[in-house]
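Under our numbering, the first residue of the first sequence carries the number 3, and numbering increases by one thereafter. We put the beta carbon where it would ideally sit given N, CA and C, even for glycine. Nothing here was measured: the structure is a model prediction, and the numbers come from that model.
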Amino acid sequence: MTDRSPSLRAPRGTHDVLWPQSARWERLVARFATLVERAGYGLTLTPVFEDATVFRRGIGEGSDVVGKEMYEFVDRDGTTLALRPEGTASIVRAFLQHRPVLPFKAWYVTAAFRHERPQAGRYRQHHQVGIEALGPADPELDIEVIGLAQQFFEEVGIRAYRLSLNSMGDQRCRPAYVELLRTIMRARRGELCEEHRDRIEANPLRVLDCKRPQCQAATADLPHMVDHLCGDCRAHFDHVRSGLDDLGIRYVIDHRLVRGFDYYTRTTFEFASHAIEAAQNGIGGGGRYDGLVEAMGGPPTPGVGFGIGIERVLLACDAEKVFELDAAMVDVFVVDLTGGSEARRLAGELRRAGWRVERSFDDRSMKAQLRSADRSGAQLAMIVGPTERDHKVVTVRAMRDGAMGEGGRQETVPRAEVVEFVTEVLTRRG
RNA sequence: GUGGGCGUAGCUCAGCUGGUUAGAGCGCCAGGUUGUGGCCCUGGAGGUCGGGGGUUCAAGUCCCCUCGCUCACCCCA
């Protein structure tokens with residue numbers, strides 16, 4: 003029925019995450035927060051929608067994201083708003099609005115929206131965690147940022163990934179390189195795929211990452227940006243490389259790594275999982291954007307950051323069979339045969355003591371309640387029937403082997419000592 | 001936006017060349033055990049066969065349209 007229902011479905015390209023699946027999200031985000039907060043990044047919350055100009059100017063009119071994938075709508079007062087398609091522009095806007103002291107190091111977790119056809123690993127609403135560091139132009143910061151992303155993947159257990167690295171140059175050296183590309187491409191116009199012939203003038207860099215064989219062939223021997231960097235960019239790139247080498251972080255130089263946002267300068271990088279079978283295997287990416295703050299109307303302020311796709315990281319985890327969670331969400335299950343009031347009181351006491359306690363409702367049979375207890379994954383069941391109630395005791399039953407040591411499967415415990423008893427048993431188990 | 005694949009129970013799927021009340025496994029509920037889960041046995045609930053139209057004596061099965069899901073291209077997380 004679910005898939006056939008004509009209405010009331012999650013919109014195309016969006017997904018519900020129910021528990022226990024959602025538990026992985028919680029833990030993933032928590033791990034990320036712990037990791038980056040240890041490096042001085044603070045949680046930054048910005049609205050999911052912004053004046054569309056924020057993204058137009060931030061990401062760039064030339065990008066696909068702005069050109070054809072943005073969720074835009076006209077607000078009641080006539081201003082054009084847009085749902086955030088990525089994280090960086092919003093952070094930069096917030097930075098400009100509040101002018102915090104430099105360096106400004108922010109982390110975020112957010113939904114991101116792009117109107118594109120969904121496929122494996124691509125959604126209209128997906129979620130990212132990420133960091134942005136504004137202020138220093140120091141390549142040491144690039145290294146820190148890349149290092150944190152790498153450490154995150156390592157921490158969740160992802161091993162089958164590749165880090166690609168490139169440099170896009172800056173305002174001084176890139177224009178000349180772009181013009182060089184343009185000149186060569188004009189001469190080979192006929193060899194390029196149709197879609198990219200028109201891009202030669204607008205943005206020849208984008209032709210580089212075309213995956214069609216004909217474009218690949220036609221651009222195979224094109225000069226690399228890395229060989230046309232100015233002195234400063236060259237030094238920056240070399241510094242980043244040696245820093246990564248020093249940390250033992252393996253990477254490959256990818257001359258075609260251009261990335262789709264217009265704001266990148268100098269360092270760009272991307273993490274791709276080769277465990278993911280699907281076409282969309284980029285699990286994280288980012289780079290330096292030294293001109294972005296200025297382009298958005300602020301003072302010249304360098305910046306660097308990355309975004310990591312939560313869904314794709316989870317796909318990679320699935321593919322590598324790592325970051326799997328034990329499903330149990332319950333420590334103790336209260337079985338009540340007196341109508342429910344004993345369960346209410348006992349559950350309350352145990353929960354206040356810090357335990358995860360579930361009970362059943364609707365006055366079901368003992369068999370049914372114990373079945374629920376079993377399925378809940380609880381270590382212990384508290385059985386309270388008329389007998390226990392009258393004698394002011396609780397039958398504590400071990401639902402899993404070893405839950406109560408060698409003492410047996412079941413024990414009668416005075417009602418007044420139940421919390422203490424449970425705490426002792428569960429704590430002893432670790 | 002473009003193209004391919006697929007829509008039968010909550011889930012995974014059978015259903016041959018159209019033929020009587022549409023099935024299985026798992027899951028769920030109940031009973032077997034008038035206070036004891038997991039294993040086993042028995043029973044039960046649950047389906048406008050995505051929707052609409054057409055062909056036919058007869059359509060889950062054939063044709064058309066439509067909606068949805070999915071994968072891929074483009075691009076990205």
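Member of the options whose CA lies at the smallest distance from the CA of residue i
{"i": "Arg411", "options": "Arg417, Asn168, Val427, Ala418", "result": "Val427"}
{"i": "Glu156", "options": "Thr425, Leu30, Met170", "result": "Leu30"}
{"i": "Ile285", "options": "Ala380, Arg164, Asn205, Phe263", "result": "Arg164"}
{"i": "Val395", "options": "Asp328, Met384, Asn168, Pro102", "result": "Met384"}
{"i": "Met406", "options": "Asp333, Pro13, Phe115, Val19", "result": "Asp333"}
{"i": "Lys70", "options": "Val158, Ala96, His117", "result": "His117"}
{"i": "Val131", "options": "Gly309, Arg261, Val421", "result": "Gly309"}
{"i": "Phe154", "options": "Thr48, Thr221, Leu37, Pro120", "result": "Leu37"}
{"i": "Asp264", "options": "Met170, Ala330, Phe273", "result": "Met170"}
{"i": "Val415", "options": "Arg431, Arg199, Leu382", "result": "Leu382"}
{"i": "Gln121", "options": "Val420, His17, Leu194, Ala375", "result": "His17"}
{"i": "Cys195", "options": "Glu181, His393, Ala219", "result": "Ala219"}
{"i": "Ser343", "options": "Ala330, Arg14, Pro388", "result": "Pro388"}
{"i": "Asp247", "options": "Ile148, Ala96, Asp66", "result": "Ile148"}
{"i": "Leu327", "options": "Arg11, Ala12, Gly15, Trp21", "result": "Trp21"}
{"i": "Leu47", "options": "Ser378, Val315, Ala96, Ala400", "result": "Ala96"}
{"i": "Gly159", "options": "Ala277, Asp53, Asn283", "result": "Ala277"}
{"i": "Phe273", "options": "Asp66, Val421, Gln152, Glu39", "result": "Gln152"}
{"i": "Leu207", "options": "Leu259, Ile251, Gly250", "result": "Leu259"}
{"i": "Arg377", "options": "Phe335, Phe51, Leu150", "result": "Phe335"}
{"i": "Ala281", "options": "Leu317, Gly287, Thr269", "result": "Leu317"}
{"i": "Glu181", "options": "Gly192, His198, Glu203", "result": "Glu203"}
{"i": "Val68", "options": "Arg78, Asp77, Asp53, Asp79", "result": "Asp53"}
{"i": "Asp140", "options": "Glu390, Glu313, Val306", "result": "Val306"}
{"i": "Cys212", "options": "Leu249, Ala178, Gly262, Ile251", "result": "Gly262"}
{"i": "His129", "options": "Asp79, Leu45, Val315, Tyr179", "result": "Val315"}
Range of the contiguous beta strand (DSSP E) that encloses residue i
{"i": "Leu300", "result": "Reading off the sequence, residue 300 comes out as Gly, not Leu. It is not in any beta strand (DSSP E) - Gly300 carries neither H nor E in the DSSP assignment."}
{"i": "Arg399", "result": "395-400"}
{"i": "Ala383", "result": "382-386"}
{"i": "Leu167", "result": "163-169"}
Helix, strand or coil at residue i according to DSSP, with G and I counted as helix
{"i": "Leu226", "result": "Per the sequence presented here, residue 226 reads as His, with Leu not at that position. If DSSP states are grouped into helix, strand and coil, His226 belongs with coil."}
{"i": "Pro206", "result": "helix"}
{"i": "Pro8", "result": "At Pro8 the pLDDT is 46, less than 50, meaning the model places this residue with poor confidence and gives no usable figure here."}
{"i": "Ala418", "result": "helix"}
{"i": "Trp21", "result": "coil"}
{"i": "Glu279", "result": "coil"}
{"i": "Arg268", "result": "strand"}
{"i": "Lys70", "result": "helix"}
{"i": "Thr48", "result": "coil"}
{"i": "Ser374", "result": "helix"}
{"i": "Val158", "result": "helix"}
{"i": "Thr36", "result": "helix"}
{"i": "Val254", "result": "strand"}
{"i": "His117", "result": "coil"}
{"i": "Gln412", "result": "strand"}
{"i": "Val147", "result": "helix"}
{"i": "Glu63", "result": "coil"}
{"i": "Ala219", "result": "helix"}
{"i": "Gln152", "result": "helix"}
{"i": "Arg199", "result": "helix"}
{"i": "Val103", "result": "coil"}
{"i": "Ala237", "result": "helix"}
{"i": "Ala135", "result": "strand"}
{"i": "Val76", "result": "strand"}
{"i": "Thr112", "result": "strand"}
{"i": "Arg430", "result": "helix"}
{"i": "Ala274", "result": "strand"}
{"i": "Arg126", "result": "coil"}
Residue range of the alpha helix (DSSP H) that includes residue i
{"i": "Leu183", "result": "176-189"}
{"i": "Arg95", "result": "90-100"}
{"i": "Leu85", "result": "It is not in any alpha helix (DSSP H) - Leu85 instead sits in the beta strand (DSSP E) that spans 82-85."}
Three Cβ pairs or more, each shorter than 8 Å: is that satisfied between the stretch 60-73 and the stretch 86-95?
Because the criterion of three Cβ pairs below 8 Å is met, the stretch 60-73 and the stretch 86-95 touch.
Three-pair Cβ contact test at 8 Å for the stretch 290-297 versus the stretch 336-352
no
Whole beta strand (DSSP E) elements within the stretch 290-370, 3-residue minimum:
305-311, 334-338, 359-361
Could you check whether the stretch 99-107 touches the stretch 127-139, counting it as contact only if at least three pairs of C-beta atoms, one from each stretch, sit closer than 8 Å?
Output reads yes: the stretch 127-139 touches the stretch 99-107.
Three or more C-beta pairs under 8 Å: does that hold for the stretch 221-238 against the stretch 20-39?
Contact fails: fewer than three Cβ-Cβ distances are below 8 Å.
Does the pairing of the stretch 347-363 with the stretch 300-314 give three or more beta-carbon distances under 8 Å?
With the cut-off at 8 Å, the stretch 347-363 and the stretch 300-314 do not touch.
contact_flag[the stretch 158-172, the stretch 125-134] where n(CB pairs < 8 Å) is 3 or more
No: the two stretches stay apart, fewer than three of their Cβ pairs being nearer than 8 Å.
Using 8 Å as the cut-off, can you tell me whether the stretch 217-226 makes contact with the stretch 180-189, which would need three or more C-beta pairs spanning the two stretches below that distance?
yes
Touch test, the stretch 139-146 against the stretch 235-248, Cβ-Cβ under 8 Å, three pairs minimum:
With a cut-off of 8 Å, the stretch 235-248 and the stretch 139-146 count as touching, because enough Cβ pairs lie within range.
May I ask you to verify whether the stretch 246-255 touches the stretch 165-177, counting CB pairs closer than 8 Å and requiring at least 3?
yes
Should the stretch 320-329 be regarded as contacting the stretch 76-87, the criterion being three or more beta carbon pairs within less than 8 Å?
no
contact_flag[the stretch 167-182, the stretch 232-239] where n(CB pairs < 8 Å) is 3 or more
yes
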